[in-house]
Each structure stands twice: as structure tokens, then as C-alpha cells.
Amino acid sequence: MIIKNIEARIRLAFFISAGSLLTSLLIVGINSYYAYHLVSNAHKSIYILDKSVPILAKQTDMQMNRPAEYRAHVDLFHSFFFSLTPDDHYMEYQMKKAMYLIDESGMQQYNDLKEKGFFNSILSSSSVLTLETDSIAVDMSRHYFRYYGKLKIDRRSSTVVRSLITEGYLKDIPRSDNNPHGVLITGWKTLENKDLEDVEKNSF
Numbered sequence: 594m595i596i597k598n599i600e601a602r603i604r605l606a607f608f609i610s611a612g613s614l615l616t617s618l619l620i621v622g623i624n625s626y627y628a629y630h631l632v633s634n635a636h637k638s639i640y641i642l643d644k645s646v647p648i649l650a651k652q653t654d655m656q657m658n659r660p661a662e663y664r665a666h667v668d669l670f671h672s673f674f675f676s677l678t679p680d681d682h683y684m685e686y687q688m689k690k691a692m693y694l695i696d697e698s699g700m701q702q703y704n705d706l707k708e709k710g711f712f713n714s715i716l717s718s719s720s721v722l723t724l725e726t727d728s729i730a731v732d733m734s735r736h737y738f739r740y741y742g743k744l745k746i747d748r749r750s751s752t753v754v755r756s757l758i759t760e761g762y763l764k765d766i767p768r769s770d771n772n773p774h775g776v777l778i779t780g781w782k783t784l785e786n787k788d789l790e791d792v793e794k795n796s797f
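In the working numbering, the protein residues as written are 594 to 797.
Written as C-alpha cells, this is what we have:
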């Protein structure tokens with residue numbers, strides 16, 4: 594009888610010890626889970642000092658702002674590529690900046706325009722090209738964009754306004770000084786580049 598009581602107490606002590614261990618592990622797990630989320634939320638909080646007074650500023654999720662960054666990137670590339678003056682050094686500078694934002698499809702279009710004498714015509718006619726963006730449509734699911742703009746070509750003899758529509762795809766890459774948005778345009782194509790207006794200037 595005494596032996597049975599000892600065995601029962603040993604079993605009871607074992608179950609109590611095992612239950613205590615499992616309960617402790619459960620409590621530690623729950624605390625670790627909440628601590629992880631507290632640290633994650635803390636990383637999204639930024640404090641800005643205003644005259645030694647800390648002000649809480651929230652850090653937004655990068656993906657929430659990505660569509661705006663895509664549109665800004667597309668707009669920046671088109672501005673570099675099409676906003677030109679009759680200065681060969683400036684045009685080379687613009688093209689160099691533009692090529693950081695696009696894959697080989699940009700260089701292919703640049704070479705095609707160069708072979709057609711596009712850049713030489715800018716120099717010979719003292720043309721100033723100004724690009725005005727109308728809208729940029731971005732399909733986030735396909736990483737696809739379509740650009741709509743108007744290209745104004747101001748020559749000595751006339752002012753031409755062209756409708757410009759291009760399309761392409763967007764690829765995420767690491768950010769850099771030359772590519773601050775961390776985006777690369779791929780498969781770029783010009784869908785439309787036609788004259789809308791051609792106004793002659795007075796020669797006197």
C-alpha cells in the first residue's frame with residue numbers, strides 16, 4: 594500500500610512538473626510573439642525632433658507608395674530622353690542619365706533616332722524640345738505602363754506639337770544615386786508620335 598502511494602505521488606509530481614513546463618513554454622511563446630510584433634511596429638515609427646520635442650511620424654509601407662514611384666520613374670525617364678536643347682554635350686548628358694533608368698530597349702531607340710538624323714536635326718535647326726506629360730497608366734499586376742504626353746518642338750521657323758504615346762514594363766532593382774526609385778524600364782516601345790499642330794512663325 595505504501596509503495597502504491599509512493600508511485601501515485603511520483604506520477605502526480607511528474608504530471609505537475611510536465612504541466613508546469615508546458616505552461617511556461619506557452620507563456621514564453623506568447624510573450625515572444627507579442628514582443629516581436631511590438632519591435633516590428635516600433636521599426637515603423639520614426640521620431641522627429643522639433644525644438645527638442647519628439648514628434649511621432651509613421652513610416653509607410655513601401656508597396657503602398659510603389660505606384661507613385663513607378664509613375665515618377667517613367668516621367669523622369671521620358672523627361673531625360675525627350676527634353677532636349679541644341680547642344681550636343683547636353684543631349685549626351687540627358688541620354689546618359691536616361692540610360693540608367695531603362696534596359697537595352699532605350700539604347701536601341703536612341704540608336705534608331707541617331708541613324709535617322711534626329712539629333713543632328715535638332716542641332717541644325719536650333720530646336721528646343723519640351724515634353725509635357727498628360728498621364729501615366731500603370732498596371733501593377735503586370736508591371737506594365739503606358740505613357741501619354743505632348744512633345745513641343747520649337748524651331749526657328751515653326752512650332753510643332755506631337756502626340757507621344759509609349760509603353761513598357763517595370764522591373765524592381767536596387768536603388769542607387771543614378772536610379773533613386775529602384776526601377777528599370779524594360780521592353781520600351783513608341784506606339785504613337787504624330788503631329789498635332791504645326792504653326793509657322795513670322796519671318797520678320
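All C-beta atoms, glycine included, are put in the ideal place defined by N, C-alpha and C.
Spatial neighbours of residue 669 in its own chain (CB-CB distance under 8 Å, excluding positions within 5 residues in sequence) are listed in chain order as 694, 774. In the three-state reduction of the DSSP assignment, residue 779 falls in the strand class, which pools E and B. With a 10 Å radius around the Cβ and a threshold of 16 neighbouring Cβ atoms, residue 674 comes out buried. About 28 Å separates the beta carbon of residue 790 from that of residue 731, a gap too long to meet the 8 Å contact definition. DSSP places residue 718 in no alpha helix (DSSP H); its state is neither H nor E. Residue burial is scored here from C-beta neighbours: residue 625 has fewer than 16 other C-beta atoms within 10 angstroms and is therefore classed as exposed. Sixteen is the threshold: since fewer than 16 other Cβ atoms of the shown chains lie within 10 Å of the Cβ of residue 606, the residue is exposed. Our two residues, residue 707 and residue 758, have alpha carbons roughly 20 Å apart in a direct line. Here residue 768 is exposed, its C-beta having fewer than 16 other C-beta atoms within 10 Å. Contact check for residue 727 against residue 710 fails: the beta carbons are separated by 7 Å or more. Counting other Cβ atoms within 10 Å of its Cβ, residue 667 reaches 16 or more and is therefore classed as buried. In the three-state reduction of the DSSP assignment, residue 695 falls in the strand class.
Annotated as distal: residue 784 and residue 766, with beta-carbon spacing of 7 Å or more. Here the alpha carbon of residue 772 sits roughly 26 Å from the alpha carbon of residue 745. Contact between residue 698 and residue 779 holds: CB atoms are separated by about 7 Å, below the 8 Å threshold. Here residue 751 is near residue 793, since their CB atoms are less than 7 Å apart. Restricting attention to 621, 604, 628, 663, the CA atom closest to the CA of residue 733 is found in 663.
The three-state reading of DSSP puts residue 794 in coil, since its state is none of H, G, I, E or B.
In this structure, residue 760 lies away from residue 735, with their beta-carbon atoms at least 7 Å apart. Scanning its chain for C-beta atoms nearer than 7 Å, with the 5 sequence neighbours on each side dropped, one finds around residue 691 the residues 670, 673, 674, 699, in chain order. Cβ contact annotation for residue 747 (same chain, cutoff 6 Å, sequence separation greater than five): 721, in chain order.
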